[in-house]
Every structure is written in C-alpha cells, then in structure tokens.
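Notes follow the structure.
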Amino acid sequence: MTKIKSLFVSLVLTLGLSSAFAGTLDTVKDRGKLMCGSNTGLAGFGNPNDAGVWEGIDVDVCRAVAAAVFGDSTAVEFVPTTSKVRFTVLQSGEIDMLSRNTTWTLSRDVDLGLEFVGVNYYDGQGFMVNKSLGVSSAMELDGASVCIQVGTTTEMNLADFFKANSMSYESVPVETNSEADAAYTAGRCDVYTTDASGLYASRAGYPDPSAHVVLPEIISKEPLGPAVRGNDSEWADVVRWSLNAMIIGEELGINSGNVEAMKGSKNPEVLRLLGVEAGYGAQLGLSDDWAANILTQVGNYSESFEKHIGPNTPINIQRGLNALYSDGGILYAPPFR
Amino acid sequence: MSTSAIQNISHNKYYNWLFRNLFSSWVNTLLTIIALIFIYQVGSFCLNWAIFAADFRYNFQGELITDRGLCSKNIMPGEYGACWAIIYARWDQFMYGLYPIEEAWRVNLVYALLPLAIIGILFDKIPFRKYFIYFTFVYPFLAYFMLYGGPGLSVVGTNKWGGLLVTLFLGVTGIGLAFPLSILLALGRRSKMPIIKSLCVVFIEFIRGVPLITLLFTANVMLPLFLPDGVNPDNLLRALVAVTLFQSAYMAEAIRGGLQAIPRGQVEAAQSLGLSYWQTTRKIVLPQALKIAIPPIVNTCIGLFKDTSLVLIIGLFDLLGIGRAALADMTWTKLYYEVYVFISLVFFIFCFGMSRYSLYLEKKLKTDNI
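Respectively, the protein sequence lines represent chains Z and R. Under numbering that gives the first Met the number 0, the residue at position 88 of the first sequence is numbered 87, and the numbers go up by one with no gaps. Under numbering that gives the first Met the number 0, the residue at position 57 of the second sequence is numbered 56, and the numbers go up by one with no gaps.
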C-alpha cells in the first residue's frame, strides 16, 4: 500500500515538476500582485479580521515579500489552503509562496521538492494543565490522564517522552483539536497536549485563561516557516531575505517608526539594509529600498510578533525560543553584507 | 340550537379529543404531563437563550459589542444568552465572503434577480411566464458577468468569493447544470446502443462509487498537475465541476427510477402512432417519468446543497468555512453555538423551501393514473 502510495505521489510530483516555473519573480512582477497560500483561519498566524483583511505573523511574511517586490504590502492575494492541499497548490503554481504554519522537515524539503526559506516561528509540542493541580514541570505528570489527538505525530512524541522518563499516563483519545479542547475544559483529562502555539490559542479562549498554565517543557521540534517551489532559487532568495530583513531589523533596532531617522545612522549594516548604500537590492532583482519598505509597512519581527501573538494579545505567547539569539532565543539571521 | 349550545358541542369535541388522545389512562396522563414539562423546560430555555436573554448588537449595559469580552455572558456570571454580535460583525463575510465591500451591490443584485430567474421554471401559472423563462437562460451569463466582472466592471477573482455566495453558486449552478446532464445519462443508460449505454453505466457507477470529498480532491489537487504550464482553471470552477458530476450521477439514477416506472405499452403505443424516439421521449415518457421522480430528485438536490459545505476541505470559504474563520479570530473565538446555529438556520431555510416546493409540485401533478 505504501509502495503504491509513494509511486502515486512521485508520479504526481514528476508531472508537477515537469511544468517547471522559471522566474517566479518576473511572473509576480508581471501579475502586479503576490499570490500567497495562507491558513483557512488560525488565530494570530493567519486569519481574516472583521473587515476581511488578513492578519497574523504568517500573513506578515507575505506582506513583507509584497512590500519588497512592489513597495506595497497590500499587493497580496491570499489563497486559503488546508493542510491537505497546501503543497499541491504550491507545486501547481497557483500560489507563489506558502506561509501557513508549516513544519520544515527533511522529507518535505527533499522529497516534496519544496524549499523552506527560513523559520518565522519555532514551535514544539507542549503541555497545558490546570493551575489548581499545582504542577510546574512535565516531569511531575506521572499517572496523569492526557487528552491526545489520535493518529498524529503528537501522539508518538507523547509516548516517547513518557517512556524516556519512565512515567506512565492514561490517554484520553479524541479526534480533533477542538474536541481535545472541549474534553480538557470539561475535566475529562488532566493534561492537554498539542503544539504550544495551539495551547496558547486555546487558552486565550477560556473564560479564565489565568487558571491554566503551559508547562515549560517542549518535547518536539516544530520549526514553522514559509516555503517556495524548489526549482527557483532566485525567488527563494527574495522570500528568504524578506524574512531575514524583518529579523535583522529587530537586531539593529529599526522599526516601522524610525526608518527615516535610521537612514542617517553611522552603522554600515543599517545603511546597507535600508538601501542608503546602493547595490544590495539589485542583487535580488529588487529596488534598493526594498528592506526599508518592509520595515516601514510591515515592521520588524518583534513588531509583528507583539502585534499578533505577543503577551499583550489574547494569545499571550512569550518570545521564548523566538527571541533573538542575543536575548536568549534562537532567532538568528545571516549577516547582511 | 342556541349559540351557547353550539359552543358547548365544539368545546366537548375539543375535550373529547384531549381526553381520548392525551388523558385516556393514568399512564397516558402521566406521560402527557411529563412531556409538557419537558417541552416547557427545553422550549423556554431555547427561546431565552436565542432571544430573550441574548445580546444582539448591544450588551445589557448598552455598549456596542465589538469583542467577545463585551458579551453579557462574559461580563455577568450567570448570564447565558447567545451573543449574536458575531453575526452582525461578520455579516458581510457570511453573505459575500471577502468580496470587496464597495462592490457588494453586484452580489446583492445577483441575489435579488435569482427569484426572478427561477420563478418561471418553478410555477407555470404566472403571467408573462414566457419572458421569465427567457430571463432564466440569460441569468447565468448576467450573474457571472456581475460577479466576476469584465468590461465596465472591476474583476473580482473567485478566491474572494465566499460565504452564502459560494454555497449558493455551487448549489444552484451544480443543480442547474446537473439536471440536463442527468436526463441524458438516464436515457443513455436505458439506451439500446451498447457503446452509449456502457459509457453511461461506467460514468454513473464510477461517480456513485466515490465519495464527493475524493472528487473534490481530485478536481482540486490532481487536475492542475496534469494540465500544461500556466493553465490553472479556477479553484471554484474546479469544485463546481466535481459537484456537477457528482450530482448528475445521483440525479440520473433518480430519473432512471422514473423511466422504469413507465409501462412499456406507452412507448409501444407512441411508436405505433409513428412518433420518433425523441418525440416519444419528450412528449410521452419524460413528463411522466420526471413527475414520478420528483421526490428522489429533490432529495438529491437537498443532499447536494448541504454537501457543498465539504468544499471547506479544499480551502474554499463557503458559509461554513467563513463561520469557522470567524471562530478562529481571537476577537470572537468560542462563540461556537451562535455561529453554528446561524449557519444551520440558513441551510434549513433553503432545504425546507426545496422540500415544501416538492410537496406542492407532487400535489399539483397528482393525476392518480399511475
């Protein structure tokens, strides 16, 4: 069965790749707008608001690319994709890039013929418990009942984690994430486990969010990032450096409010990033003020994070792993030179 | 007899009915009382939840609700009424999806013209019916031009369509296109020509043997990969093709049931009068067969209308998809009951309307000769 399946997948992909797309950047420029694959609705990451405008940190990456290419962060059309169709929609050329909480894994990078251009959110599987249990670490969860989605990688991670720490648990199997959420709030299990960002988003919807605590242990690696087709490295560079420009912007203290002021800076990296020192945009096939446009219109990484999922939003996620390397996180962009 | 005597008799009738049906023995009396209490409890709770204790646009303090935190039930412990503000806030999205709001008049116009376009087919005794029928054939082109745009109107890509617009587009167009196709398939399946017959049988059985989700995936995921570079048929159009094929196979079987119920003698009689195959089919067989097939046809139509919500799985924002996107917004999250009750209500209105119409049609066409 798996053989037939993989044969089928490779057939599909061969056909997909045979319709190769050279020069995505030119296609995008000719079209006058960027087609960006987004989520069908995930709070803080990608979702239309009441006015129908897409918002979220994944959405901001698309807006950054549009700002870099057109100097206009609104020149994006969002194509909602589900987890089942997202890769084929990208392969078939319907969208230019996919920015939709997608985990970067080896098989997706290699076998599916995609190129992940970076990480805009480091996620991982976590645990949430009621504060009244008095638990402060996942190591104290021996014997707990855990709400878990059946047939997911989270289920395997959970079993591995408990086995490795020679603890036991009682699993409460549920089908969907919202069902797990409901089971946990109804008290059918002590612990709710899924990707930490999902835990925070669920918690934000509870009547009393402060009664629940997300434990510090993260038991799996889920680096989420934007992806493009693997056969166009010129376009991949544009998307990669648009994301990097947001991160470097934060490193250098450039935000949407001070771009003009920073153009007078003495720091050569700032001058290169903002296009005062010409030539770097042209290497990407863009204008020299591409990064300045991103930072003016979308803002740096920190601004995007704080606006959509940070501690001042209902989702209330601490920077954690997603802080800059200099602040104790692992967010790190290659140097701009 | 005096008036009061008549009243007495009718009163007695009333009491007799009550007594015979509800209070005839102590068991029945007990059950009646329990049922009444139950109906009262559930009914009053539902009414209170949905109307009397509910917030519409303003909460009990008179503030405009722009956030779920302002719903009365989230301010006052013990309040439990629905918070319909989410429906108000997202009304445009429920109706038009992400269609640019300054162009929404185009969608409204299409909605408003829809009854005019179908009234000619639905009822035969209306004045000027001929012109309504003409309009029925013009309407799809007019509607497509209005919705998509073209010369004189700005183009609105189908990735911006959503909500009721997508649900109605898929439902109405799917049913409309599938109907003629399904008649041909049903006739083909009963044809004596082996190639046509086997083609129709294979098509019908294949489509009926596959779930709609699979067809949607195939149309959405496989089709673009097989087509040449740059040819990307529209996402919504692909879903429409899948929905139409699916519906035509099911409707063809419903119509075949009607065809089979026509006695052989009728066809032979028509042929002996010298009518050709098409004349026989059009004038003798189909009118009777379709009449018999009305209930199953309407059944499949109602089924399809509800099945359109499956397009959620390929990333189209139909009514249900828009509802889920609203729930995923941190401003409104967790108002599940309000959103799902509203969506159910909209689906119910359309499906109940279809079911009532089929009853009306059955009554009207009832001639008792078959």
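Idealized CB from N, CA, C, for every residue including glycine.
Residue j beta carbon less than 8 Å from that of residue i
{"i": "Z:I147", "j": "Z:V171", "result": "yes"}
{"i": "R:D317", "j": "R:L326", "result": "no"}
{"i": "Z:D71", "j": "Z:M34", "result": "no"}
{"i": "R:V340", "j": "Z:T87", "result": "no"}
{"i": "R:A292", "j": "R:G264", "result": "no"}
{"i": "Z:L97", "j": "Z:A260", "result": "no"}
{"i": "Z:V68", "j": "Z:L285", "result": "yes"}
{"i": "R:I342", "j": "R:L319", "result": "yes"}
{"i": "Z:V213", "j": "Z:R62", "result": "no"}
{"i": "R:G96", "j": "R:V165", "result": "yes"}
{"i": "Z:T80", "j": "Z:S144", "result": "no"}
{"i": "R:T330", "j": "R:R67", "result": "yes"}
{"i": "Z:L272", "j": "Z:A244", "result": "yes"}
{"i": "R:I64", "j": "R:I182", "result": "no"}
{"i": "R:L169", "j": "R:Y138", "result": "no"}
{"i": "R:E337", "j": "R:W104", "result": "no"}
Whole-angstrom distance between residue j and residue i, CA atom to CA atom
{"i": "Z:A158", "j": "Z:M138", "result": "14 Å"}
{"i": "R:I86", "j": "R:I74", "result": "19 Å"}
{"i": "R:F351", "j": "Z:D194", "result": "42 Å"}
{"i": "Z:G55", "j": "Z:P313", "result": "13 Å"}
{"i": "R:F136", "j": "Z:S82", "result": "39 Å"}
{"i": "R:I283", "j": "R:A269", "result": "8 Å"}
{"i": "Z:R336", "j": "Z:E268", "result": "7 Å"}
{"i": "Z:G240", "j": "Z:P333", "result": "Sequence inspection shows Trp at residue 240 of chain Z; the Gly mentioned does not correspond to that position. Near 9 Å, if we compare the C-alpha coordinates of Z:P333 and Z:W240."}
{"i": "Z:D287", "j": "R:L222", "result": "40 Å"}
{"i": "Z:A309", "j": "Z:R318", "result": "Residue identity differs from the one stated: residue 309 of chain Z is Gly in this sequence, not Ala. Their Cα atoms are separated by approximately 7 Å."}
{"i": "Z:G123", "j": "Z:W53", "result": "25 Å"}
{"i": "R:V266", "j": "R:L115", "result": "36 Å"}
{"i": "R:F55", "j": "Z:I246", "result": "43 Å"}
{"i": "R:R145", "j": "R:T157", "result": "According to the sequence provided, residue 145 of chain R is Met. The question's Arg does not apply to it. So the two alpha carbons sit approximately 12 Å from each other."}
{"i": "Z:V109", "j": "Z:N230", "result": "12 Å"}
{"i": "Z:D29", "j": "Z:N46", "result": "27 Å"}
{"i": "Z:K130", "j": "Z:V190", "result": "11 Å"}
{"i": "Z:N299", "j": "Z:V238", "result": "15 Å"}
{"i": "R:G210", "j": "R:T307", "result": "Per the sequence presented here, residue 210 of chain R reads as Pro, with Gly not at that position. One C-alpha to the other measures close to 13 Å."}
{"i": "R:N27", "j": "R:K362", "result": "36 Å"}
{"i": "Z:A322", "j": "R:A88", "result": "35 Å"}
{"i": "Z:F20", "j": "R:F205", "result": "In this predicted model, Z:F20 has a pLDDT of only 46, less than 50, meaning its place in the structure is not dependable; the value taken from the coordinates is given anyway. Cα to Cα, Z:F20 sits roughly 34 Å from R:F205."}
{"i": "Z:L140", "j": "Z:T104", "result": "29 Å"}
Burial state of residue i, where buried means 16 or more other Cβ atoms lie within 10 Å
{"i": "R:E101", "result": "exposed"}
{"i": "R:Q259", "result": "exposed"}
{"i": "Z:N266", "result": "exposed"}
{"i": "R:I38", "result": "exposed"}
{"i": "R:F51", "result": "exposed"}
{"i": "R:I32", "result": "exposed"}
{"i": "Z:A292", "result": "Looking at the sequence itself, residue 292 of chain Z is Asn, so the reference to Ala does not match. Buried, because 16 or more other Cβ atoms sit within 10 Å of the Cβ of Z:N292."}
{"i": "R:C45", "result": "exposed"}
{"i": "R:N107", "result": "exposed"}
{"i": "R:W25", "result": "exposed"}
{"i": "R:A53", "result": "buried"}
{"i": "R:N20", "result": "exposed"}
{"i": "Z:T352", "result": "There is no way to answer for residue 352 of chain Z, as the model of chain Z reaches only from 0 to 336."}
{"i": "R:M250", "result": "buried"}
{"i": "Z:R85", "result": "buried"}
{"i": "R:Y79", "result": "exposed"}
For residue i, the residue or residues it bridges with in DSSP
{"i": "Z:L113", "result": "Z:R228"}
{"i": "Z:G340", "result": "Residue 340 of chain Z falls outside the range modelled here, since chain Z spans only 0 to 336, and no answer is possible."}
{"i": "Z:P47", "result": "Z:W53"}
{"i": "R:Y138", "result": "DSSP output for R:Y138 lists no bridge partner at all."}
{"i": "Z:Y120", "result": "Z:L223"}
{"i": "Z:V77", "result": "Rather than Val, the amino acid found at residue 77 of chain Z in this sequence is Phe. Z:F77 pairs with Z:C35."}
{"i": "Z:M96", "result": "Z:C35"}
{"i": "Z:L323", "result": "Z:L330"}
{"i": "Z:L41", "result": "Z:G45"}
{"i": "Z:T102", "result": "Z:L223"}
{"i": "R:D54", "result": "R:C82"}
{"i": "R:L152", "result": "R:G149"}
{"i": "R:G162", "result": "R:D317"}
*Segments assigned alpha helix (DSSP H), at least 4 residues, entirely inside the segment 189-236 of chain R*: 193-207, 211-216 and 222-225
*Identify every run of the alpha helix (DSSP H) within the segment 135-214 of chain Z, keeping only runs that are complete inside it and at least 4 residues long; order them along the chain.*
152-163, 176-184 and 195-203
*Can you check the segment 58-108 of chain R for any alpha helix (DSSP H) of at least 4 residues that lies completely inside it and give the ranges in chain order?*
71-74, 84-88 and 90-95
*Hey, which unbroken runs of the alpha helix (DSSP H) at 4 residues or more fall wholly within the segment 272-306 of chain R?*
285-306
*Ignoring anything shorter than 4 residues or poking outside the segment 274-313 of chain Z, list the alpha helix (DSSP H) runs there in chain order.*
279-283, 289-296 and 300-307
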